[in-house]
Structures are given as structure tokens and as C-alpha cells.
Amino acid sequence: MEALVAELRERLAKAREGGSERARERHTKAGKLLPRERVERLLDPGTAFLELSPLAAFGMYDDPPGAGIITGIGRVSGNECVIVANDATVKGGAYYPMTVKKHLRAQEIALENRLPCLYLVDSGGANLDLQDDVFPDREHFGRIFYNQARLSALGIPQLALVMGSSTAGGAYVPAMSDETVIVKGQGTIFIGGPPLVKAATGVDVSAEELGGADVHTRVSGVADHLA
Numbered sequence: 000m001e002a003l004v005a006e007l008r009e010r011l012a013k014a015r016e017g018g019s020e021r022a023r024e025r026h027t028k029a030g031k032l033l034p035r036e037r038v039e040r041l042l043d044p045g046t047a048f049l050e051l052s053p054l055a056a057f058g059m060y061d062d063p064p065g066a067g068i069i070t071g072i073g074r075v076s077g078n079e080c081v082i083v084a085n086d087a088t089v090k091g092g093a094y095y096p097m098t099v100k101k102h103l104r105a106q107e108i109a110l111e112n113r114l115p116c117l118y119l120v121d122s123g124g125a126n127l128d129l130q131d132d133v134f135p136d137r138e139h140f141g142r143i144f145y146n147q148a149r150l151s152a153l154g155i156p157q158l159a160l161v162m163g164s165s166t167a168g169g170a171y172v173p174a175m176s177d178e179t180v181i182v183k184g185q186g187t188i189f190i191g192g193p194p195l196v197k198a199a200t201g202v203d204v205s206a207e208e209l210g211g212a213d214v215h216t217r218v219s220g221v222a223d224h225l226a
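Throughout the sequence shown, residue numbering follows numbering that gives the first Met the number 0, covering 0 to 226 in sequence.
See the structure below:
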């Protein structure tokens, strides 16, 4: 029994590390906090974080730690909230099939307990290598956005903080939220990034010009607050 407990703790510790050392270093060199640091700073001091599904996708695909997403319940400004944080150190925060299910499970808990949802967005959208499993099925990628609309309609707040890339399918999370904060110089929201724009139109544009904080707080209105 002790050996099994030790193995479980080892697996949990490994999952909490997130992506590779190289990916984590690249993330922090870009001036970003690691996803677990973001969650810790968001929580009220001295309060606990009840993590959900920490070993999701264990032994599947290329063994993405925690399925590339952190979900759980924590206290923020005195209110218990469901927190969903993309881990961009794991495949750029892309959604594997099990990432989708983990995200949906968090939303289901939010619905059952009427808890506000806080989305810490830093994702390149769906993992297209596995799109044949990401999109089909009742528990598909698009249900995340259906749930956001449903929860919002029931008066359960949907709040997004865009702290990095929010591309393709990932762009809908902040767009579907009731209130969205975007970080200048780091947060971007667009369906297709600069390379796609270049390929389709021949126009060279930077990520910030295409979908940065100024664009979405001053022009498009997708985001409500600039940080």
C-alpha cells in the first residue's frame, strides 16, 4: 500500500510540473507566470485549491501532464469559483480529447453548484493532430462554448483573463465570457494568426496588431479590461 501511495504522489508531482523544462523556461523568459503560479496568485491568501482531475490523460497520447489544463475550485475575493487554467507549457495549451472532457467536467461542477467560472486563457485551440476525437462525440470541443452561454444565461458569471495566445477554438472562450481581461503585450485573440493572414492575403501583420490588447479593448470590444 505504501508503495502505491508513493507512486501516486510521484505521478501527481510530475503532473504538477507541467511541460518540459525547456518549455517552462521559454514560457517564463517571455515574462509569463507559470500556470500554477497564476492560480496561486489569484486565490485568496491562505486558502486551499481543490484540484480536479490532476492525472487526466495519464498514459494517453504523448502523456501530456494533466491533459495540459489545470481545473479546480478555489476562493477568490471571498467567493468560491471554478478555475480553468490552460498550461501553455504543454503543447502550447492545445486541447487533447481528454482536455476537452476535463474542461467540460469543471463546467458541469460549476453548473451543479452555481459557481462562477474563471478562465485563465493561454491556448492555441484544438490539437489538430487529434481533431477526429476532439470534435465528434456529444462531449466535443464546441460544448465548452455552449456551456458558457448556458451558464451565463443562468446568471453564473463567466470571466476570462487572456494571459497569452487565444487562437482558433481558444478565441471563443474570452469572446463568450461576460467579462474579459487581456494583458497588453502578452494576450492575443484571433481565429487565425499572422502566418495564416500572410498565406491568405499576403499581408504582414504582427500578433499584437492583429489581435492584441489595444485592438480588443479599443476597437473590437471583445475584451472589457486592459491589464
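Each residue gets a CB set at the ideal place from its N, CA and C atoms; glycine is no exception.
All values derive from a computational prediction rather than experimental measurement.
Would you mind sorting residue i into buried or exposed? The rule is 16 or more other CB atoms within 10 Å of its CB.
i           : result
glycine 73  : buried
alanine 12  : exposed
arginine 40 : exposed
glycine 186 : buried
glycine 18  : buried
proline 194 : exposed
alanine 2   : exposed
proline 135 : exposed
For residue i, collect the residues of the same chain with a Cβ closer than 8 Å to its Cβ; drop the 5 residues on either side in sequence, then sort them by chain order.
i             : result
histidine 102 : Ile68, Thr70, Val83, Tyr94 and Ile143
leucine 54    : Arg10, Leu11, Ala14 and Gly65
serine 76     : Asp43
arginine 104  : Leu51, Ser52 and Thr70
glycine 91    : Ser122, Gly123 and Ser164
alanine 174   : Ile188 and Val221
What is the residue span of the beta strand (DSSP E) that residue i lies within?
i                 : result
tyrosine 118      : 116-122
phenylalanine 144 : That residue, phenylalanine 144, is in no beta strand (DSSP E); its alpha helix (DSSP H) goes 142-152.
arginine 37       : Segment 34-41 is the alpha helix (DSSP H) holding arginine 37; no beta strand (DSSP E) there.
threonine 179     : 178-181
Using the three-state DSSP reduction, which class does residue i fall into: helix, strand or coil?
i              : result
leucine 54     : coil
glutamate 138  : coil
glutamine 157  : strand
isoleucine 190 : coil
glycine 91     : helix
asparagine 85  : strand
alanine 126    : It should be noted that the sequence gives asparagine, not alanine, for residue 126. In the structure shown, asparagine 126 sits in coil (DSSP, three-state: anything other than H, G, I, E or B).
methionine 175 : helix
threonine 166  : strand
Return the first residue and the last residue of the alpha helix (DSSP H) that residue i is part of.
i             : result
glycine 73    : Per DSSP, glycine 73 belongs to no alpha helix (DSSP H); it is in the beta strand (DSSP E), 68-75.
alanine 22    : 20-28
alanine 2     : 1-16
methionine 97 : 96-112
alanine 206   : 206-210
If you drop the 5 nearest sequence neighbours on each side, which residues of the same chain put their C-beta closer than 6 Å to that of residue i?
i           : result
valine 172  : Tyr118, Val120 and Ala159
glycine 184 : none
So, for residue i: in the same chain, excluding its five sequence neighbours on each side, which residues have a beta-carbon less than 7 Å away from its beta-carbon?
i              : result
aspartate 282  : Nothing about residue 282 can be reported from this structure: the residues present for the chain run from 0 to 226 only.
leucine 225    : Ile181, Lys183, Ala212 and Thr216
isoleucine 190 : Ala167 and Ala170
glycine 210    : Thr187, Ile188 and Phe189
glutamate 79   : Ile72 and Leu114
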